[in-house]
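A short write-up of the structure that comes next.
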Amino acid sequence: MTAQILDRHLHIKAIDAFIDPSVPRERAIITHGHADHARSGHGAVLATPDTIAIMKTRYGEDCAGQFQALGFGVPLPIDDVTITFFPAGHVLGSAQVLIEHRGQRVVVSGDYKRLADRTSQPFELVECDLLVTEATFGLPVFQHPHPQLEIRRLLKSAADNPERSHLVGAYALGKAQRVIGLLRDAGWERPIYLHGAMIRLCELYQELGVDLGDLRPATGMVKAEMAGQIVIAPPSAIRDRWSRRFPDPVVCQASGWMSVKQRARQALVELPLVISDHCDWGELLQTIGDTKAETVWVTHGREDALVYWCRTQGLDAEPLNIQGFEDDGGEGVE
Amino acid sequence: MKRFAQLLELLALTPSRNRKLAALTQYFRETPDPDRGYALAVLTGALTFRNVKPALLRETVLREVDETLFAMSYDYVGDLGETIALIWPHHGETGDLPSLTDLIELFNTTSKSDLPKLIAALLTRAEINERWALVKLATGALRIGVSARLAKTALAEMSGKDLQEIEEVWHGLRVPYLDLFAWLDGKAERPDIDHAARFHPLMLSNPINEEKDLGKLDPKDFSAEWKWDGIRVQLVLGEGTASLFSRTGDDIANAFPDIVENVHGQAVLDGELLVGKNFEAASFNDLQQRLNKKVASTKHLKDSPAFIRVYDMLFDGREDIRTLPWTERRKRLEAWLAANPQTRLDISPILPFGGWEDLAQQRREGAESHGHEGVMLKLRTSPYVPGRLKGYWFKWKRDPNVVDAVLMYAQRGHGKRSSFYSDYTFGVWKGNEIVPIGKAYFGFTDEELKMLDKWIRANTIQAFGPVREVKKELVFEVAFDSAQESARHKSGVALRFPRINRIRWDKPASEAGTLEDMAVFVAAS
């Protein structure tokens, strides 16, 4: 089956709109706020209210010519095409895009995860004919452990090393808030300290109704007082000069990539925490099956393996090599 | 096993040497015999299993996992053991695994046909970190940044004994080292080893820095020899016995019966193993043919007889002479050879020289006319000390040959570099096409590696699994020790020790070297 309504550049020709374009476009539909999906400079942006708030916080109020907010589950007819957003469970506001056209149903998943996460609207399954799925962790070696088990390892290390601070590398959007939420759920009631780059988005999450508890800036604290504390910072800062202000920090990183020990070693991460905002291999396969899609386009990650698997299941599957999303060896934005 | 898995993980992930050392010391202190002895064997690479091999693990996994998906995963992860640990699809009730000792016993006693079932059951039962440790144990490739030396240093820390003393007895010991630990715990005497009849760690040299070192060194304090292009060996001659060890202490006597069956006398000798008739050294390529065989073939024994060019003596008869100065040891060696005439040993001659400049010239001429690798400098007063102590022995290698070659293919590295294209095939012009002449890993800064990686991704013509063919546009300055004719390469040329000197971002591919340029190097070697 060829899907006429959407081409391989995720361009909906009938309404001249691109989904998550990597260059400025007249009309863009944005699935979520991560930098490799949401860029500034588009003419008009259609996204969920939370995603719009995130884009404005990151790039400024005027990062697009105009914004149109569309809530989850509300069909938006444009000519003979209907667009509907469904929660993708990836980060706050993240959406899957359902495109309906003359009886054909196409879903562009954006990034998604199926595991419950109280910092994001829960994933909803949408049946479709063509599924455009991400494949960030599209290899059978990715079998994510339960995130609460990983948080327990962090808490154990904090208890075992009371003289050291724990510096957790996490992306500022989504992962940071998720880790904080998991820590709170595991009973960590002390203040959690933030690198400057984390603060605005954590505040935004709290404004949007996600409770993250007592958060404080890490900058300006007395070194000795940071012993035994947990600090969240961007991955780039945890091994940089910035980290020298903490007493003998244990370098941690929260990422699905951390399951590969050689990668953790390479990144000089002492305590890898396998906490991912994407589906693991099993969840990807499950989702492809659940949507009942007969055609699957695979993008964002290790397309080859997922395409191969789909074909062994008798599905019509192809990789999309969208420019700007070339496999960067795995350390990309999560 | 749980405790050992925790130790391995900590060692793999802790960048600090001191913290690794502390963890090892604590482990050896707290873990009972024989578990700690087996752990020590695993860490020092002293343990091998007859039937548990990487291929067996792979086969076990491929009964459960699609082969193509496994290959893609391995390409991504870059480490076979880790791929197996991560991809194993069955997770039953986790429970305690057998102790390290029991596990090793199981690996050694289970029949070959039952091993896949055993391994599958263990993998299913293990928690993820134990699964990783289990596979590491079974494949033997740890890659956790712990050297045998560090493990021994931990033993020294634990016991207060001198590291040197531990090194001394090490090669006479047997897994699981009960007598070693008894001694380290102060419960027994130092293990009794027949010092004259075992491998002794080798004395190694440091590369000389022409600018920094030569000015400070007095030529009169040093003796010079050619640097021979073979492999370093230690010949241990007991009463009617002969053992031959590689530089790492592996017994290679089976591959060289022509040596061990034809040497006489009692001594421990240090030298270079070479092949060739009448003590005329043939190319390293010929030696390589023999090294590839665990047991020598009749043809090899006839066409490429082996001999050892001896240059030092550790034991004279049963007498340990390692503390004597080099000049004394040399005299002993010459006297011993005179008293014990040999057909498979000759002595590395002393190279007389006037001063550094004179030696530099001899070194240059030796490289040009005889293909010598360089010269060795030995401090006349130096004792024979294991390891790479500064100031005693220096190697002064010939200037490398250099060619500008064009990058053709790039492949992802393994292990730490598995996310980068860090393994390169390059070539030179043959008429209008580029033909490959060699392959090398990247040897430079992370920054350059990243730039190169980016260039490769942006200039890929086509990909074959992990290999990318790139536009023939980027020039590397490639250094190599020598070039040889090779029937295996399309270009007909093979480089010895190629390494990438630098990336010539500035140089157009049209100005890269040609096959005719290479012919000159081949003729010179």
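Each protein sequence line maps, in turn, to chains A and B. Residues 871 to 1204, numbered by the working numbering, are exactly what the first sequence covers, in order. Residues 9 to 533, numbered by the working numbering, are exactly what the second sequence covers, in order. Glycine included, each C-beta is placed from N, C-alpha and C at the ideal position.
DSSP, read as helix, strand or coil, puts residue 9/B in coil. Contact annotation: residue 1004/A and residue 1170/A have beta-carbon atoms nearer than 7 Å. Taking 8 Å as the upper bound for CB-CB distance, residue 411/B and residue 486/B are in contact here, some 5 Å apart. By the beta-carbon neighbour count (other beta carbons within 10 angstroms, threshold 16), residue 1016/A is exposed. Contacts between residue 87/B and chain A, judged by CB atoms closer than 9 Å, involve 1130, 1131, 1132 in chain order. Taking a Cβ-Cβ threshold of 9 Å, none of the residues of chain A is close to residue 417/B; the smallest such distance is about 17 Å. By the C-beta density criterion, residue 409/B is buried, having at least 16 other C-beta atoms within 10 angstroms.
Cβ contact annotation for residue 1012/A (same chain, cutoff 6 Å, sequence separation greater than five): 1150, 1151, in chain order. The residue from 1162/A, 1189/A, 1173/A, 1175/A with its alpha-carbon nearest to that of residue 1000/A is 1162/A. Nearest Cα to residue 138/B within the set 102/B, 504/B, 243/B, 291/B: 102/B. The C-beta separation of residue 419/B from residue 474/B comes to about 5 Å, placing the pair in contact by the 8 Å criterion.
The Cβ neighbour count for residue 472/B, taken over all protein chains shown within 10 Å, is under 16; the residue is labelled exposed. Looking at the DSSP output, residue 954/A sits in a beta bridge with 968/A.
Listed along the chain, the chain A residues whose CB falls inside 8 Å of the CB of residue 91/B are 1011. Scanning its chain for C-beta atoms nearer than 6 Å, with the 5 sequence neighbours on each side dropped, one finds around residue 1133/A the residues 1127, in chain order.
Close to chain B, meaning a Cβ-Cβ distance shorter than 8 Å, are the following residues of the segment 1146–1179 of chain A: 1172, 1174, 1175, 1178, 1179. Interface criterion met: the Cβ of residue 1138/A is under 7 Å from a Cβ in chain B. Look at residue 280/B here: in three-state DSSP terms it is strand. Between residue 216/B and the set 232/B, 206/B, 19/B, the nearest pair of CA atoms involves 232/B. In the structure shown, residue 83/B adopts helical secondary structure according to DSSP, grouped into three states. For residue 81/B, at least one C-beta of chain A is nearer than 7 Å to its own C-beta. Taking C-beta atoms under 8 Å as the contact rule, residue 451/B and residue 502/B fail to qualify, at a distance of about 19 Å.
Contacts with chain A at 7 Å (Cβ-Cβ) include residue 20/B.
For the segment 67–81 of chain B, residues whose beta-carbon sits nearer than 7 Å to a beta-carbon of chain A comprise 73, 76, 77, 80, 81. Within chain B, the C-beta atoms nearer than 9 Å to that of residue 1135/A come from 20, 21, 23, 151, 152, 153, 423, 424, in chain order. In the structure shown, residue 177/B adopts helical secondary structure according to DSSP, grouped into three states. Look at the beta carbons and you see the segment 87–104 of chain B not touching the segment 29–47 of chain B: under three pairs across the two are nearer than 8 Å. If you draw a straight line from the Cα of residue 1143/A to the Cα of residue 214/B, it is about 42 Å long.
With respect to the 7 Å criterion, residue 968/A and residue 996/A are classified as neighbours on the basis of their beta carbons.
Classified as buried, residue 356/B has 16 or more neighbouring CB atoms from the shown chains inside 10 Å of its CB. At least one CB atom of chain A sits nearer than 7 Å to the CB of residue 84/B. For residue 444/B, the uninterrupted beta strand (DSSP E) run begins and ends at 441–449, by DSSP. At a cut-off of 3 residues, the continuous stretches assigned as beta strand (DSSP E) that sit fully inside the segment 1060–1148 of chain A are 1062–1064, 1085–1087, 1100–1103, 1120–1124, 1141–1143. Beyond the five residues adjoining it in sequence on each side, residue 1098/A comes within less than 6 Å, by CB distance, of 1032 in the same chain, given in chain order.
Between residue 35/B and residue 15/B, the C-beta gap is smaller than 7 Å, which places the two residues in contact. Distance between residue 889/A and residue 903/A, taken at the CA atoms: about 13 Å.
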